[in-house]
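What follows is a single structure, written as structure tokens, with notes after it.
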Amino acid sequence: MREILYRLRGQPIQINVVESPEDLKAFEAFWRRHPALGWDTETTGLDWWHAKSGGFRLRLAQFGTGAESWVVPVEAGPQYGAAVVQALRGVEALVAQNASYDLHVVEECLGIPMEELAPKVWDTKLLAHLVDPRATREGGPGLSLEDLVRHYIDPVAADEVKGSARELAKKYKTTKAVMWKVVELQDPDFLLYAGMDPVFAYRLFKILYPLVPARSKASGLIGWEHRLAHACAQMERTGYLLDVEYAERCCAELTAKQEEAAYTALSYGVSKVGSTDQLVEAFTRLGHGSRLGKKTPKGNTSVDDAVLQSIDHPLAQAVIDAKRAGKFRKTWFQNALAGRDSSDRVHASLNSLAARTARMTITGSVPAQTFPAGSGYVRHMFLAEEGHVSCSIDYKTMELRFLAALCRDPTMLQAFREGLDLHQITADAAGVPRKFGKRANFLTVFGGGWRALMGDGIDEATAKRIIGAFGDTYPGVGKYSKGLSEEARKSGYIYTATGRRLPVDRGREYSAQNYAVQSGSRDVTARAILNLSEAGFTDLMRLPIHDELIFSFPEKEAKDLAREAAKIMEFTFRGVLIPTDVEIGGRSWGSVLELEASKH
DNA sequence: GACTGAAGCACC
DNA sequence: AAACGGTGCTTCAGTC
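Under the numbering used here, think of the first position of the first sequence as 692, with each following residue one higher.
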């Protein structure tokens, strides 16, 4: 057994590295001494779905308290993996940073079902979000282990940990991504890096748990978010079946389109269609400089889609085409193809508790929240199971209904209760077309004013009139927003309906209303996922997209299952019904959209 | 090569 | 008085 010593803020941390089967006795004695342990794994990458095909391996498993940790070289032989399994099963509670990932790893590599460990796992990332959800760029602590260590434990240790990965990559003369695969199991720098992680997780738990707001604890948010994270991990595990042939065909089409457009652009002297500098130079040279008046937020000349659309020149169209084809190919089709497992399934990375408002995010090879919604072009590559059909169930105007429930404005409440057309009510009050009323309604959810309403047929006077009419028609909204902003100004926080504490920036108190609505709506979707999970829908759910859930249902039972799921999702919040809308398509997710489009 | 900021574009 | 909220990914250009 090897011992490595690290000093954390002057305190000695002992890292014990298991080197032979004899050392496992001491390891077992260690974990049996502690009811709760920090826990982490080191792997060859992040693609746990490649474990079965051998493309992904578990290398180390680490367990620790605040002062001592044990590193077990799982890769060195089956007896080590067995010892880790025994420890994972035997320990009463496990603390990990982003535990869902490690649960995937041990399920795939050691055969312990996620369901078995999830109930006793505590995730420091979830706790950190409940304490302060802000990213570092927003002036918050951040949510990564490195950021949390920097903010809550020790900035020196955070830098050393981050630096060690970089140093290791340098030492092995490779990139960071490759280093995890090739670093030697006995490498002392690697062992130090690995050994400290469970210590950090353990310490973070002790620090963060008391910092979770009392109201959040009283609402049961801690357990709730853990159960949700687990349900989302189950969706990750299921993955989404890919129509590889279709995706490859689209890739080829788009490549041809992109190359043709890029060639046209090159003939006008533009070698990089994404280079604003080159485009400004080219359009000035071609006599279209007068169209380049728009500025970016930083004051540079803007050459975005709107500007390009306004320029009547083949170069403008070529740039639009090349950029569009490139984005579709690279971001949607190629990413999905590159991320698929040996069964042609892609596994999204579902971050159940992510944004400042607690909204979920979907990252990785399936950034589904940003798939083009206008047509089924991209979504066609995702298939329901053999013999299944795709189904989408979404909430109808959830955010506006949630706002109505929160602010108690009588006109709004009545409109939703009686099924009246809220957008028309707003439009009539201002004497404008319905679409302007609709824009004003949604803008209000965002906390926008007349300035933001301008454009696309609305001039300044009309914008002011609509906002004025909105205020007169729904006085409860302004009153509610004002009260919430006041709370935010005084305390720096608001509390949502589920007892979640959200920080509100100084000088941006107007955003408090949006936070309350957006966050509350997220919790409605989250609640649906949990209830569906309990009702047996776990394997049928594919993805959550904010106010929508995507399913794969057996074709014969699709109607009944959809009806049942829609009923489970439906929610009445403070007397306001948030109803659901069911769309059943064919085999592909995209077909749901086509069906919807053909109805209108 | 890693990293970052800015811009642009895909969404709810 | 007015105040547009929340994301992820790619490319470009520059720095370290």
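The C-beta atom is built at its ideal place from N, Cα and C for all residues, glycine as well.
Proximity to residue i [Cα-Cα], best of the options
i: N1132; options: D1085, A1121, F1161; result: F1161
i: A1039; options: G965, G1055, D1032; result: G1055
i: C1082; options: A819, W739, G802, R1254; result: R1254
i: G940; options: Q1000, H917, S966, R1020; result: The residue you asked about is not Gly; residue 940 is Arg in the sequence shown. Answer by Cα proximity: R1020.
i: F1262; options: E927, V964, M1089, C800; result: M1089
i: F1264; options: V1283, L1094, E1151, L1175; result: L1094
i: I913; options: H1079, I1269, D814, F974; result: D814
i: L883; options: V796, T866, L945, E858; result: E858
i: M1325; options: S855, R1125, K872; result: The structure shown does not extend to residue 1325, since the chain is modelled only from 692 to 1291, so the question has no answer here.
i: T1164; options: V1010, Y959, G1183, G1122; result: G1122
i: K862; options: K853, Q777, V874; result: V874
i: A742; options: K908, A849, S1033, P879; result: S1033
i: V1273; options: E1248, V796, E1239, E1151; result: E1239
i: V797; options: G772, K811, A819, A784; result: G772
Between the CA atoms of residue j and residue i - distance to the nearest angstrom
i: L1221; j: A1188; result: 18 Å
i: C942; j: Q1025; result: 7 Å
i: Y1171; j: L1097; result: 8 Å
i: G1148; j: K1155; result: 13 Å
i: F881; j: L808; result: 27 Å
i: A717; j: S1224; result: 40 Å
i: K864; j: G746; result: 21 Å
i: L801; j: T734; result: 13 Å
i: E851; j: E837; result: 10 Å
i: A956; j: R1278; result: 39 Å
i: W730; j: E799; result: 17 Å
i: S711; j: G781; result: 21 Å
i: K872; j: Q705; result: 26 Å
i: E766; j: D738; result: 17 Å
i: L817; j: P804; result: 21 Å
i: E1285; j: S1066; result: 7 Å
i: A1064; j: W1280; result: 11 Å
i: A997; j: A727; result: 57 Å
i: H979; j: G990; result: 20 Å
i: G1017; j: A1009; result: 12 Å
i: K1250; j: R828; result: 45 Å
i: V1283; j: V1057; result: 18 Å
i: V1267; j: L1104; result: 7 Å
i: L1006; j: T975; result: 12 Å
Extent of the continuous alpha helix (DSSP H) to which residue i belongs
i: G1167; result: 1166–1182
i: A920; result: 912–929
i: F891; result: 879–902
i: E1109; result: No alpha helix (DSSP H) holds E1109; DSSP gives it neither H nor E.
i: A909; result: 905–909
i: Y1137; result: It is Phe, not Tyr, that sits at residue 1137 in the sequence shown. Per DSSP, F1137 belongs to the alpha helix (DSSP H) from 1125–1137.
i: F754; result: Careful: F754 lies outside any alpha helix (DSSP H), inside the beta strand (DSSP E) at 749–755.
i: H820; result: 815–822
i: Y937; result: 935–958
i: S1210; result: 1203–1225
Residue interval of the beta strand (DSSP E) (run including residue i)
i: P1245; result: 1239–1245
i: I1053; result: 1052–1054
i: Q788; result: Counting along the chain, Q788 falls outside any beta strand (DSSP E), and DSSP gives it neither H nor E.
i: M1232; result: 1232–1235
i: F1264; result: 1262–1264
i: T1271; result: 1271–1275
Where residue i falls, given that 16 or more other Cβ within 10 Å makes a residue buried
i: A1219; result: buried
i: D934; result: buried
i: D995; result: exposed
i: A1271; result: Reading off the sequence shown, one finds Thr at residue 1271, where the question assumed Ala. Burial call: buried.
i: V786; result: buried
i: G1128; result: buried
i: N1042; result: buried
i: D714; result: buried
i: V1037; result: buried
i: L945; result: buried
i: D1100; result: buried
i: S958; result: exposed
i: K986; result: exposed
i: G960; result: exposed
Original post:
Would you call the stretch 1051–1065 and the stretch 1230–1237 in contact, with 3 or more CB pairs under 8 Å?
Top reply: Touching, yes, given that three or more Cβ pairs across the two stretches are closer than 8 Å.
Subject >> Touching by the beta-carbon criterion (3+ pairs, under 8 Å), the stretch 790–802 and the stretch 919–926 >> reply: In the pairwise beta carbon analysis, the stretch 790–802 is classified as touching the stretch 919–926: at least three pairs are separated by under 8 Å.
Subject >> the stretch 741–752 contacting the stretch 692–701, beta-carbon criterion three pairs below 8 Å >> reply: In the pairwise beta carbon analysis, the stretch 741–752 is classified as not touching the stretch 692–701: fewer than three pairs are separated by under 8 Å.
Subject >> the stretch 843–860 contacting the stretch 895–905, beta-carbon criterion three pairs below 8 Å >> reply: By the C-beta criterion, the stretch 843–860 is judged to be in contact with the stretch 895–905, since at least 3 inter-stretch pairs fall below 8 Å.
Subject >> Segment contact, 8 Å Cβ cut-off, at least three pairs: the stretch 1188–1199 with the stretch 821–834 >> reply: A contact between stretches requires three or more CB pairs, one per stretch, nearer than 8 Å, and the stretch 1188–1199 meets this requirement with the stretch 821–834.
Original post:
Pairing CB atoms from the stretch 1242–1257 with CB atoms from the stretch 1196–1215, are three or more of them under 8 Å?
Top reply: As far as the Cβ criterion goes, the stretch 1242–1257 does not touch the stretch 1196–1215, which means the pair count is below three.
**OP:** Decide if the stretch 1134–1141 is in contact with the stretch 1197–1207; the criterion is three or more beta carbon pairs, one per stretch, under 8 Å apart.
**Re:** In short, these stretches touch, since the Cβ pair count reaches three.
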